[in-house]
Amino acid sequence: MKKILVPTDFSNYAAGALKFAIELAKHSGGEIYLLHVDNYIEGQFSNHKKAIKENNSHQIQERTNQLQTVLELINKEGVKATKLLYSGDVTKTIVWAAKENQVDYIIMGTLGATGLKTVIFGTKTASVLSESSTPVITIPFDYLWKTPRKILLAVNDAEENPELFRPAFDLAALFNAQIMTLIFSEKKAVAVDVMEHSRALNKVHQRLSQYYSNQQIETTHVVGKDFQQTVQEFIGTYNIDILVMITHRRKLLQNLFKFSLTRQMAYHTTIPLLSIHSMKV
């Protein structure tokens, strides 16, 4: 049984993520943890303590009612759900709630490939994607649910522990989906780098095929000018349903000068993106 955390701000962006979570829960016999995080006004001004307390009480009741309404809709789909209402920093609270409830996935909504690169549901999805050790599935705003049949693993490190990819292979098993692995080379890359990437892809295929012996895996080496564009074209050509990428902790200077490729794809991809956190730096 899968445990699925779905943060919500009750917007349309969150609704698409919830739909995906419901379908995943149906197939896995899983349970949804429906989470709303709010920042209530602290009673630090003595002259207004009563008004602040009344406002907070009203806000808590309103959010509780909203959560209950959504929870009842989930139950009507035949899925078990628990509502969670917390106060605090949104990103930190979502990451903490995922660990506290030992969930298997966090599912959140994004604006997807709309061209609005800096706008994300709740402004927090990218932050959660970067900080969470729990796998995160981001759902584009205009995405319509369909049963996943092809899952693409974009791999950039042949030495990753095969167990790291377990969340992707679990999804493949649930939906009887095909797994494809991809390594990207820049068009301007020197021949020796392209050859090295081809060898890396063969190594990835061998290691994953041995580790997940029940799953047939297809491998592809693609060359292009731009990673995002090339992968998105591949997705369209091969009718990929879910993209899987690995996030890495970056040192301070790396964070300042290079935005995570995984986070960038969360803004651009037209399909769900499963982000799995690597412990490597």
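Our numbering numbers the first residue of the sequence shown as 2 and each following residue consecutively.
We put the CB at the ideal spot given by N, CA and C, even for glycine.
Quickly, what does DSSP pair residue i with across the bridge? List them, please.
i: methionine 181; result: Leu153, Glu219
i: isoleucine 5; result: Ile33, Tyr106
i: serine 186; result: Val224
i: lysine 84; result: Leu35
i: serine 276; result: Val137, Met246
i: threonine 111; result: Pro141
If we count the other Cβ atoms within 10 Å of its Cβ and call it buried at 16 or more, is residue i buried or exposed?
i: glycine 79; result: exposed
i: glutamine 233; result: buried
i: leucine 172; result: buried
i: serine 276; result: buried
i: leucine 25; result: buried
i: leucine 19; result: buried
i: lysine 84; result: buried
i: leucine 145; result: exposed
i: aspartate 242; result: buried
i: methionine 196; result: exposed
i: lysine 125; result: buried
i: glutamate 164; result: exposed
i: glutamate 161; result: buried
i: glycine 110; result: buried
i: threonine 148; result: exposed
i: threonine 139; result: buried
For residue i and residue j, what's the separation of their Cα atoms in angstroms?
i: leucine 130; j: histidine 249; result: 10 Å
i: alanine 155; j: glutamine 60; result: 43 Å
i: leucine 74; j: tyrosine 213; result: 37 Å
i: arginine 150; j: asparagine 40; result: 40 Å
i: glycine 237; j: serine 279; result: 27 Å
i: glycine 31; j: alanine 22; result: 9 Å
i: glutamate 187; j: threonine 221; result: 14 Å
i: glutamate 101; j: alanine 16; result: 24 Å
i: methionine 2; j: leucine 68; result: 23 Å
i: arginine 200; j: serine 12; result: 45 Å
i: proline 168; j: serine 58; result: 39 Å
i: methionine 181; j: leucine 202; result: 11 Å
i: phenylalanine 228; j: phenylalanine 185; result: 7 Å
i: leucine 35; j: valine 91; result: 14 Å
i: serine 133; j: aspartate 105; result: 12 Å
i: proline 136; j: histidine 206; result: 22 Å
i: isoleucine 108; j: valine 224; result: 31 Å
i: lysine 27; j: isoleucine 218; result: 26 Å
i: threonine 65; j: histidine 37; result: 9 Å
i: lysine 8; j: isoleucine 95; result: Rather than lysine, the amino acid found at residue 8 in this sequence is proline. Roughly 7 Å between the two C-alpha positions.
i: lysine 226; j: valine 71; result: 44 Å
i: leucine 175; j: leucine 244; result: 16 Å
i: leucine 209; j: tyrosine 239; result: 21 Å
i: glutamine 255; j: lysine 93; result: With a pLDDT of 36 at glutamine 255, under the threshold of 50, the modelled position of this residue cannot be trusted, and the question is left open.
At what residues does the alpha helix (DSSP H) containing residue i begin and finish?
i: serine 128; result: 126-132
i: tyrosine 14; result: 13-29
i: alanine 174; result: 167-176
i: glutamate 164; result: Counting along the chain, glutamate 164 falls outside any alpha helix (DSSP H), and DSSP gives it neither H nor E.
i: glutamate 101; result: 91-101
Hey, quick one: how far does the beta strand (DSSP E) through residue i stretch, first residue to last?
i: threonine 248; result: 243-248
i: threonine 139; result: 137-141
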